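So the sequence lines, in the order shown, correspond to chains A and B. Start counting the first sequence at 1; every next residue gets the next number (the working numbering). Start counting the second sequence at 1001; every next residue gets the next number (the working numbering).
Protein chains: 2
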Amino acid sequence: MAGIKDVALRAGVSAATVSRALSGNGKVSPGTRARVQQAAEELGYVVSFNASSLASGRSRNIGVVVPTVSRWFFSTVLEGIAGELINAGYDLTLYDTGGQEQHRASVFSDLLLRKRLDAVITVTLKLSDDEVRQLASVDKPVVAIGGFIPDIATIRVDDFNTTTLLTEHLIELGHTRIAFLGGSEEFDVDFKLTTARQDGFEYALDQANLEVRPEWLLAANFTTEGAYRKIRSLLSMPRERPTAVVCASDEMAFGALMAARDSGIDVPGELSVVGMDGHDLSELFGLTTFSQDARSQGIWAVRKILELLGERALERDPTDGFYPTEFVVRSTTAPPARP
Amino acid sequence: MAGIKDVALRAGVSAATVSRALSGNGKVSPGTRARVQQAAEELGYVVSFNASSLASGRSRNIGVVVPTVSRWFFSTVLEGIAGELINAGYDLTLYDTGGQEQHRASVFSDLLLRKRLDAVITVTLKLSDDEVRQLASVDKPVVAIGGFIPDIATIRVDDFNTTTLLTEHLIELGHTRIAFLGGSEEFDVDFKLTTARQDGFEYALDQANLEVRPEWLLAANFTTEGAYRKIRSLLSMPRERPTAVVCASDEMAFGALMAARDSGIDVPGELSVVGMDGHDLSELFGLTTFSQDARSQGIWAVRKILELLGERALERDPTDGFYPTEFVVRSTTAPPARP
DNA sequence: CTGAAAGCGCTTACAG
DNA sequence: CTGAAAGCGCTTACAG
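Next comes the structure, spelled out in structure tokens:
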């Protein structure tokens, strides 16, 4: 494999000049640059990242930490990040903690800090004070997507208010018996998502003087299958049923819809369902939801990182407030049937 | 940040000994090792990947190339890979080509060959002869998941035969008017998936002396939305309709099912639907399908790579044949209604 | 604008 | 089992 010396030899210059010509750092005369580029091309030379990183202290490599890659929000954010990073010529090192504590630990202590990364993007990750301190001590830029982390640039939607609005939509339609489907405590280890959304839900009920019924506060780990099971069993209860359910994610709402179908419950006639996300399939399901552009959030995170690395300046910074969302009313919500 | 010299100083040994004690390469007395580990721990020392890689020629970093991260098969395979790689202490560099030609090109010429990777796993990627040659010339292990690449270790299911069996299942039920839903030519740039599955479909029809009707050969890029649109318009045609449809992926089958629902067509009464994959949601949809364990395929790819890197030996090599699949009959298939 | 040289932080024959 | 030294392939002050 051709090295920098081979290129230097062929172009008739020093290795230092090759480095400058190819990297764009430092001044090189146009003629020299052309000869160097030509020589590099002919030899199929490509710089050694490791050597370059070691010498310069910059890796052109960004770490991305996600709880899982198989849920809509995460995979979509990841796609946004990956595309933008390729455009910028950066590598992406993926850390999928898989929700497992031990993986998380090794990600932090071993991998993230191994000095191979220029910066880190975390997605919906709850960091302990200790981890925040670790990150700070390494002195590398960090941008978080979803949720709030002290002293760290964050891109997130307004979980509290969007859920409040979704709930108010149902209340305005006349619903008074409303269930909530969120994540479990256990899932919450990754982030306080559920909490913020559930808080928003309870706030809306409270404002309308409606009672929060503990037996209608369900948890399903943000999976469609889990949601299906919970709603199926809820609907099979002989007792009074809710006339509407607020789901903390579209994927859970899909499960709720399928559960209603299999229970012979008409949506929206007998049950209204709202989601939260703007999943690609929400339109096919006719789901009323709050849509957020996950891909763009990933792109913004990369731009923010590049800005922090001094590669570019942000024109307008979406991290100054909440990331914009859009309320989409479709066909899964309607006034409750008159008893 | 503590370096190897700091650790050496604290432990009262040379840097060489620290390196040997921590890496496990070469002999070190137990006492020395303990002192070194203690010192490293106290200083929070973690080896510099870049320096280590440069000196040793090994990166402990595997490149993974996927066409997209937002489809079930890819994200599930990726999760398998990511988990197994973390267990092995390797980093994962993700290349999402996003189906865009220019990204693919830069992945190959710039990134993959940048000497920072020990090996590469490609997922459902069609490589040109030229690209295969490039990979071979770099002399790094490559394992491919899905599809066949000459001279490269491959993990894949038997696309032809599984689709044949799926189709025969419908024929045995009595169906004679069967449509096929695959990917478009354009999507096929990534791999010959569709082709193999469509070939299997046509072979089964042929064996049963049934006619392949060109107007019932549909393409939808493997997305649920695309499949929905195609099947919706197929079902709205005034002319004779098929009584069954073979979908080249479960995600497309979901779209077909939703299209049938919205068209007022009963499944399986008026239309039977089969998928291919064993998507997490196939059970909820009651879909008859061939299930493949995507996560395990990712895990196997990693094991194969580690074997090629000399890190471990495979007990039993699933790449010797096709990766096992399982035929799952559920409720979306039934005999056609008697006209 | 260009080159010689030092240095990035490790690993690994080589010698003992 | 351990250390001194060379070297991995670049980048970047420093000098000219």
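Built from N, CA and C at the ideal position, the CB exists for glycine as well. Please read all numbers here as calculations on a predicted model, not as lab measurements.
I want to verify the contact list: residues of chain B whose CB lies under 8 Å from the CB of threonine 76/A, in sequence order.
By Cβ distance, chain B contributes Ser1070.
Examine chain B for any beta-carbon lying closer than 8 Å to the beta-carbon of tyrosine 228/A, and answer yes or no.
Answer yes: the Cβ-Cβ gap between tyrosine 228/A and chain B drops below 8 Å somewhere.
From the DSSP secondary-structure annotation, give me the bridge partner or partners of glycine 63/A.
According to DSSP, glycine 63/A bridges with Thr93/A, Val120/A.
Using beta carbons (cut-off 8 Å, strictly below), is asparagine 221/A in contact with chain B?
Not closer than 8 Å to any Cβ of chain B, the Cβ of asparagine 221/A fails to qualify, so no.
Note down the Cα distance separating leucine 1043/B from arginine 1010/B, rounded to an integer number of angstroms.
Cα to Cα, leucine 1043/B sits roughly 9 Å from arginine 1010/B.
Excluding five sequence neighbours on each side, which residues of the same chain lie with their C-beta closer than 6 Å to the C-beta of tryptophan 216/A?
Closer than 6 Å at Cβ, skipping near neighbours: Ala179, Pro242.
Output yes or no for whether 8 Å exceeds the beta carbon distance between tyrosine 323/A and isoleucine 155/A.
Yes, they are a contact pair.
By the DSSP assignment, the alpha helix (DSSP H) with threonine 1163/B in it spans what residues?
Here the alpha helix (DSSP H) through threonine 1163/B covers 1159-1173.
Nearest by alpha-carbon distance to arginine 1071/B: which of Pro67/A, Val66/A, Leu78/A is it?
Arginine 1071/B has its Cα closest to that of Leu78/A, out of Pro67/A, Val66/A, Leu78/A.
So what's isoleucine 265/A in DSSP terms, helix, strand or just coil?
Of the three classes helix, strand and coil, the one that applies to isoleucine 265/A here is coil, per DSSP.
Can you find the residues in the same chain that come closer than 6 Å, C-beta to C-beta, to phenylalanine 1327/B, ignoring five residues on each side of it along the sequence?
For phenylalanine 1327/B, where only same-chain residues beyond five positions count, the Cβ hits under 6 Å are Phe1290.
Along the chain, where does the beta strand (DSSP E) containing phenylalanine 322/A start, and where does it finish?
Taken as a continuous stretch (DSSP letters only), phenylalanine 322/A belongs to no beta strand (DSSP E), as it is neither H nor E.
For histidine 169/A, tell me which candidate among Ala337/A, Arg197/A, Thr333/A has the shortest Cα-Cα distance.
For the residues Ala337/A, Arg197/A, Thr333/A, the minimum Cα distance to histidine 169/A belongs to Thr333/A.
Could you name the residues of chain B that glutamate 270/A contacts, counting a contact when the two beta carbons are closer than 8 Å?
Within 8 Å Cβ-Cβ: nothing; glutamate 270/A doesn't reach chain B, min ~18 Å.
Pick helix, strand or coil for valine 1018/B, following the three-state DSSP scheme.
Valine 1018/B: helix per DSSP, three-state reduction.
Straight-line CA distance for valine 64/A to alanine 313/A?
Distance between the alpha carbons of valine 64/A and alanine 313/A: 21 Å.
Please list the partners that leucine 54/A has in chain B, where partner means a Cβ-to-Cβ separation under 8 Å.
Those within 8 Å of leucine 54/A in chain B are Ser1048, Asn1050, Ala1051, Leu1054.
Glycine 182/A bridges to which residues according to DSSP?
Glycine 182/A pairs with Ala219/A.
May I have the straight-line CA-CA distance separating serine 23/A from alanine 259/A, to the nearest angstrom?
Whole-angstrom Cα-Cα distance: 58 Å.
Taking 8 Å as the CB-CB limit, is threonine 1093/B close to chain A?
Interface residue, yes.
Using a threshold of 8 Å, state whether the C-beta atoms of serine 1053/B and asparagine 50/A are closer than that.
Their beta carbons are under 8 Å apart, which means serine 1053/B touches asparagine 50/A by this criterion.
Whole angstroms are fine: how far does the CA of leucine 125/A sit from the CA of alanine 1196/B?
Approximately 41 Å, taken between the alpha carbons.
For valine 36/A, which residues of its own chain have a beta-carbon under 6 Å away from its beta-carbon, when the five flanking residues on both sides are left out?
For valine 36/A, where only same-chain residues beyond five positions count, the Cβ hits under 6 Å are Ala11, Val18, Ala21.
Whole angstroms is fine: what's the gap from glycine 406/A's alpha carbon to tryptophan 300/A's?
As shown, chain A starts at 1 and ends at 339. That puts residue 406/A outside it, with no answer to give.
From what residue to what residue does the alpha helix (DSSP H) around threonine 1076/B run?
Note, threonine 1076/B: alpha helix (DSSP H), 1072-1087.
What first and last residue would you give for the alpha helix (DSSP H) that runs through isoleucine 4/A?
Per DSSP, isoleucine 4/A belongs to the alpha helix (DSSP H) from 4-11.
Across which residues does DSSP place glutamine 1292/B in a beta bridge pair?
DSSP output for glutamine 1292/B lists Thr1325/B as bridge partner(s).
Using a C-beta cutoff of 8 Å, does alanine 1301/B count as contacting chain A?
So, not an interface residue.
Could you tell me which of Thr1288/B, Gly1269/B, Asp1266/B, Pro1268/B sits nearest to glycine 1275/B, measuring between CA atoms?
Among Thr1288/B, Gly1269/B, Asp1266/B, Pro1268/B, the Cα nearest to that of glycine 1275/B belongs to Thr1288/B.
Looking at valine 1302/B and valine 1273/B, is the spacing between their C-beta atoms short of 8 Å?
Not closer than 8 Å, so no.
Should asparagine 209/A be labelled buried (16 or more other beta-carbon atoms within 10 Å of its own) or exposed?
Exposed, since its Cβ has fewer than 16 Cβ neighbours within 10 Å.
Alpha carbon to alpha carbon, how far is isoleucine 121/A from aspartate 1262/B? Give it in angstroms, no decimals.
Cα to Cα, aspartate 1262/B sits roughly 41 Å from isoleucine 121/A.
Using a C-beta to C-beta distance shorter than 8 Å, which residues of chain B count as neighbours of leucine 284/A?
Neighbours of leucine 284/A on chain B, chain order: Thr1224, Glu1225, Tyr1228, Gly1255, Met1258.
For alanine 1136/B, go through chain A and note every residue whose CB falls closer than 7 Å to its CB, in chain order.
Those within 7 Å of alanine 1136/B in chain A number zero; the least Cβ separation is about 13 Å.
Which two residues bound the contiguous beta strand (DSSP E) that contains threonine 1154/B?
Counting along the chain, the beta strand (DSSP E) containing threonine 1154/B begins and ends at 1153-1155.
Indicate the three-state DSSP secondary structure (helix, strand or coil) for valine 142/A in the structure shown.
Looking at valine 142/A - three-state DSSP - the assignment turns out to be strand.
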